[in-house]
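Below: one structure, written as structure tokens.
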Amino acid sequence: MMFSINVGRRLGLLATACLLSVALPATTAWAQKTKTKDAPAVQAAEPVAATAFTIDIPEIDAVDSNVDDDTLRAIFSGGVADNADALAGLTATSITIPTITITIGTTTTVDGDAPQSTVTFNDLVLTDVTDGNAASVALAGWSVDAGDEGTGEFGEVSAANFNIAGVLGLYGLVDGDTPSEMQTIYTDVSFAGGTFEAPDLSCSVGSMSVGELKARPLNTSFAETVSLIKSLEGQDDPSPETIGTLLRIYGDFFTAFESSPATFDGFDCSGEDEGRPMSFSIAGMTMGGMSPGIYPSIAMDGLDIAVDGDGTIKVGNLTIKEMDLSGPLAAIAAAPAALDEAWFMANARALVPAFEGFAFSDVVVDIPDPEADGERIAASIGNFDLTLGAYFNGIPTDVLTTASNILVDLPEETDDEQLQQLIDLGITSVDTGFTVDASWSEAEDTITIDELSLTGADLATVALSGTLGNAGEALFSLDENEALAAAMGVAIRSLKLDIDDAGLSDIVLARFAADQGSDPATLRPVYAGLAEGSVIGILAGAAEAQKVGAALSAFISGKAKHLTIDMTSKDAQGLGMLDFMAAEDDPTALIGKVTIDATAK
């Protein structure tokens, strides 16, 4: 729903929400029109045609306060901006507001009814307030009543060391001696949780807590930011100057906060989806601590979605790792005032944050296959992890990704040729995993492949490792032509292939034997001999030919279950593209340029 509110009033409402966010959970909006009992009504902007808000504060009990009740009432009714200086210097033994009631109504009828919602906050108490700093702030609870649309009851919200003046300074609502360094805004925040009821849905919400939030004043005041955003309404193509200003506000915001980790005890919802019972729950969430230029990690535990007669999705843990924004922020800080398309094209890679990756575990999926009637997708993943690091020109140069226990039930038939080959071998399900582990050394101009592997439980594991040379920083150049030329110059210094047979050869040979009316024990020595002879023929003239052939024969015959093949370039610089291009016409051209070794055990 859109509201037409003037900038000054909008500032007051938003500032009030920000100021009280530590004590008052977010509501749909603060009022445009305020009513009070036995007190002057707070001036409001012109009412919106179809929507009306009222805030009712029947009583304020201010003990030893240097701000009068009428001003306090105006502040808590949305007039923060107009009374910011008074609030920043507030001193009182205590301030108690038994009830704050926000009523949201509409003058437009829906099916003959005019919907109305009420949010009620109970017993807001600030204690030991000195010069805009409250030793504690607490809200006994709050409730929402939206009639037929739903109701909610929520418990206590509390915090210590609530720096009201700091919040006002953060948003530029007060001037003066506000320090530019980080200062504590609040500590020991806790929310007791609650319940929510709506048609076809019932939820219980767990508690939340955070130890401390620090902040510094933003370089652009809240009023200026709101005014700039309002000026963009209806603009399809903002000016380069406006885009530059917005981007600097964005950069400033992400360096203005610091916090300790936050925890949330999750929620549990149940209801109906198209007439079918369903449930949706999260056991808990944790957000890492914020620091300037760092977007914190977020971890979620125990996601469980179930729809009766349809399917389930479960995730034991999902972790989004932290993101380092210092690179993009530095690019923004060094940018000209006006940022046009050419600047974004030239700095696209500089604006890429250093994202550390993500991970998830204990995933179970059992849902209908949207592409095949009557079929289901049944799979599970034990663990998956993607870790990225050592960013250079926006590209991670240290990559590690692993996965294990990827369990998939295979269909009876499929259009995927590789899956169909497994199905034809009589395999009905697979338990797979993989690893990709590689890093770049700027000092040595090399890329080390520690492991590229694929594992199938009770089938086989294939792993490749090696070293690539002539991999200088031009490989990650911002100039695409320079990067392409550098990629063509990368050379292979060494490669190592490891194969573990955990049962795949038995399955393959059994199928071949059945097709030929023979048995695996008879076919193994035949295929082993053919492989040995072929390798010796290809490596004719190489000193290692007999050893490599014998190792391959032992592996295929079943005498050995592990095969290792090493290839090392005789030239310290490695084998380049020209070497492999020449080998396309004559594969033996590579024989004299490498040393090959093989072992089987």
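In this text, residue positions in the sequence shown follow the working numbering: the first is 1256, and each later residue adds one.
Even for Gly, the Cβ is constructed at its ideal location relative to N, Cα and C.
Requested in this report: Return the CA-CA distance between Val1422 and Thr1442, expressed in angstroms with no decimal places.
Outcome: Computed Cα separation, rounded: 13 Å.
Report task. Determine the closest residue to Phe1409 out of Ala1447, Thr1439 and Ser1515, with distance taken between C-alpha atoms. Result -> Phe1409 has its Cα closest to that of Ala1447, out of Ala1447, Thr1439 and Ser1515.
Report task. Starting from Leu1655, trace the beta strand (DSSP E) both ways and give me its first and last residue. Result -> Run containing Leu1655: Ile1650 to Asp1664, per the beta strand (DSSP E) assignment.
Query raised in the report: What's the call for Asn1418, buried or exposed, on a 16-neighbour Cβ count within 10 Å?
Result: Buried.
Report task. Return the chain-ordered ranges of every alpha helix (DSSP H) run that is complete within the stretch 1576-1625 and spans a minimum of 4 residues. Result -> Unbroken alpha helix (DSSP H) runs of no fewer than 4 residues, entirely contained in the stretch 1576-1625, are found at 1581-1588 and 1596-1601, following chain order.
Query raised in the report: From Ala1658, Asn1648 and Pro1495, pick the residue whose C-alpha is nearest to that of Ser1616; which is it?
Result: For the set Ala1658, Asn1648 and Pro1495, the Cα lying nearest the Cα of Ser1616 is the one of Ala1658.
Requested in this report: List the DSSP bridge partners of Asp1311.
Outcome: Residue pairing by DSSP places Asp1311 opposite Thr1356 in a beta bridge.
Query raised in the report: Which residues bound the alpha helix (DSSP H) around Val1422?
Result: Here the alpha helix (DSSP H) through Val1422 covers Ile1419 to Leu1425.
**Report entry** Whole beta strand (DSSP E) elements within the stretch 1371-1431, 3-residue minimum
**Finding:** You should have 1371-1385, 1388-1400, 1406-1409 and 1412-1418.
Query raised in the report: For Lys1469, does the count of other Cβ atoms within 10 angstroms reach 16, so buried, or fall short, so exposed?
Result: Around the beta-carbon of Lys1469, 16 or more other beta-carbon atoms lie within 10 Å, marking it buried.
Query raised in the report: Hey, Gly1564 and Arg1531 are a contact pair by Cβ (cut 8 Å); roughly how many whole angstroms apart?
Result: By a beta-carbon distance limit of 8 Å, Gly1564 contacts Arg1531. Their separation comes to about 6 Å.
Query raised in the report: What is the residue span of the beta strand (DSSP E) that Gln1438 lies within?
Result: Per DSSP, Gln1438 belongs to the beta strand (DSSP E) from Gln1438 to Phe1446.
Query raised in the report: Rounded to a whole number of angstroms, what is the C-alpha to C-alpha distance between Val1620 and Gly1688?
Result: Each residue's alpha carbon lies about 17 Å from the other.
Requested in this report: With a 10 Å radius around its C-beta and 16 neighbouring C-beta atoms as the bar for buried, classify Ala1614 as buried or exposed.
Outcome: Here Ala1614 is buried: its Cβ has 16 or more other Cβ atoms, across all protein chains shown, within 10 Å.
Report task. Answer with buried or exposed for Leu1473, where buried requires no fewer than 16 other C-beta atoms within 10 angstroms of its C-beta. Result -> Burial state of Leu1473 is buried, judged by a 10 Å Cβ sphere holding 16 or more other Cβ atoms.
Requested in this report: Return helix, strand or coil for Glu1513, following the three-state DSSP convention.
Outcome: Strand.
Query - Proximity below 8 Å, CB of Pro1608 to CB of Asp1640 - result: Cβ distance not < 8 Å, so Pro1608 and Asp1640 don't count as in contact.
Report task. If I'm right that Ser1464 touches Thr1541 with Cβ under 8 Å, what's the distance once you round it to whole angstroms? Result -> In this structure Ser1464 is not in contact with Thr1541, their Cβ atoms being roughly 10 Å apart against a cut-off of 8 Å.
Query raised in the report: Does the distance from the C-beta atom of Gly1427 to that of Ser1476 stay below 8 Å?
Result: Between Gly1427 and Ser1476, the C-beta spacing is below 8 Å.
Query raised in the report: To the nearest whole angstrom, what separates the beta carbons of Ala1805 and Glu1787, a pair I think is in contact under 8 Å?
Result: 7 Å between Cβ atoms; contact.
**Report entry** Own chain partners of Leu1794 with C-beta closer than 8 Å, once the 5 adjacent residues on each side are dropped
**Finding:** For Leu1794, where only same-chain residues beyond five positions count, the Cβ hits under 8 Å are Ala1800, Val1803, Gly1804, Ile1846 and Ile1851.
**Report entry** Given Ser1457 as reference, the closest of Ser1445, Gly1499, Glu1488 and Gly1407 once Cα atoms are compared
**Finding:** Selected option, being the one with the closest Cα: Gly1407.
Requested in this report: Assuming Glu1467 and Thr1439 form a contact by the criterion Cβ under 8 Å, report the distance between their Cβ atoms to the nearest whole angstrom.
Outcome: Contact flag correct, Cβ pair sits at about 6 Å.
Query raised in the report: Alpha carbon to alpha carbon, how far is Ile1754 from Glu1737?
Result: If you draw a straight line from the Cα of Ile1754 to the Cα of Glu1737, it is about 37 Å long.
Query - Proximal residues to Asp1316 (C-beta, below 6 Å), its chain only, five neighbours per side dropped - result: Excluding the 5 residues flanking it on each side, Asp1316 has same chain C-beta neighbours closer than 6 Å at Thr1351, in chain order.
Requested in this report: Please classify Asn1736: does DSSP put it in a helix, a strand, or coil?
Outcome: Helix, per DSSP.
Query raised in the report: Looking at the structure shown, is Pro1892 part of a helix, part of a strand, or coil, going by DSSP?
Result: Summary: the structure shown does not reach residue 1892, with the chain confined to residues 1256 through 1856, and so no result is reported for it.
Report task. Check each candidate in Ala1633, Gly1566, Thr1326 and Thr1777 and name the one with the smallest Cα separation from Ser1812. Result -> Ranked by Cα distance from Ser1812, the first of Ala1633, Gly1566, Thr1326 and Thr1777 is Thr1777.
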